[in-house]
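Numbering (the working numbering), first residue to last: 6 to 224.
All residues carry an ideal CB built from backbone N, CA and C; glycine is no exception.
Below is one structure; the comments refer to it alone.
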Amino acid sequence: MVLSRRFLCAAALASIFALGLAGTALAAEKKWTGATDNKKWVGPTGGDWKEGTNWNPNGVPAAADEVLISGAEVKITEAANAKSVSLGQGATLSIEGTGKLTLAAGGALHASGDATVEVKAVDGLAFTTATHITVNPDKALTLKRKAPGNIKGAGSLTLSGGGTLNVNLPLTTATGLEIKDGSTLNVVDTLPDLTGPAVTVTKGNLTLGYNLPAAVKRV
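In structure tokens:
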């Protein structure tokens, strides 16, 4: 009888635990494979973010997912979410039409190789809170604009990793921008629109091809 009661108790606890897990969104790693695009085979070099079969494991990335894209041109044509997006050599992310990529709180945009993000939509790339952009040493991430594209940030933005970030589009941050770890922010057109503190350069570089922001603090 005692063993039977213990067994029933353990079974009940296991059921409760399982139900708890079922209601929790667990982070997953989603790797781009580019299997299909609107039922048409396109191989690993291109396709649409919203097609679940373009990803391994199968399924469109969710807000808690870590996204990996390399050597492919991926299009975002509607609302998309991720925790972070890592772009490998030759990757291009094109946000167009009514597309919008939102990175979750504490999310990151990372380039391990030379890569490009083309923003062709209003608020096409959005940061929920304080966000990091990291670029590996000797690599460059280029943020390109096609009107009316822009990037919108709800918190501070930190550039790190030792690589170069090329920017030629409006980039709004609410609480400032910091460049560190020997990274370089190369502004070739429109400067970041800062409503908070000035740009802070911590052992990094800032090059400008447009006009000087209100203040640049070097520490």
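{"Asked": "Ordered along the chain, which non-local residues of its own chain (more than five positions away) have a Cβ less than 6 Å from that of A33?", "Found": "D70"}
{"Asked": "Under the three-state reduction of DSSP, which class applies to N155: helix, strand or coil?", "Found": "coil"}
{"Asked": "Pick helix, strand or coil for G57, following the three-state DSSP scheme.", "Found": "helix"}
{"Asked": "How long is the line joining the alpha carbons of S75 and L92, rounded to whole angstroms?", "Found": "6 Å"}
{"Asked": "Can you check which of these residues, P66, G111, K149 and K55, is closest to H137 by C-alpha distance?", "Found": "G111"}
{"Asked": "What residue from A145, V193, T205 and I184 has the CA that sits closest to G95's CA?", "Found": "A145"}
{"Asked": "How far does the beta strand (DSSP E) with G39 in it reach, from first residue to last?", "Found": "Where G39 is concerned, there is no enclosing beta strand (DSSP E), given that its DSSP letter is neither H nor E."}
{"Asked": "Is the distance from the Cβ of K157 to the Cβ of E123 below 9 Å?", "Found": "no"}
{"Asked": "From P142 to V72, what does the alpha carbon distance come to, in whole angstroms?", "Found": "21 Å"}
{"Asked": "Can you tell me which of the three DSSP states E78 falls into?", "Found": "strand"}
{"Asked": "Does the beta-carbon of N210 have 16 or more other beta-carbons within 10 angstroms, so that it is buried, or is it exposed?", "Found": "exposed"}
{"Asked": "Give me the Cβ distance between L164 and L130, rounded to the nearest whole Å; I'm assuming they're in contact under 8 Å.", "Found": "14 Å between Cβ atoms; not a contact."}
{"Asked": "Can you name the residues that DSSP bridges to K125?", "Found": "Bridge partners of K125: none, in fact."}
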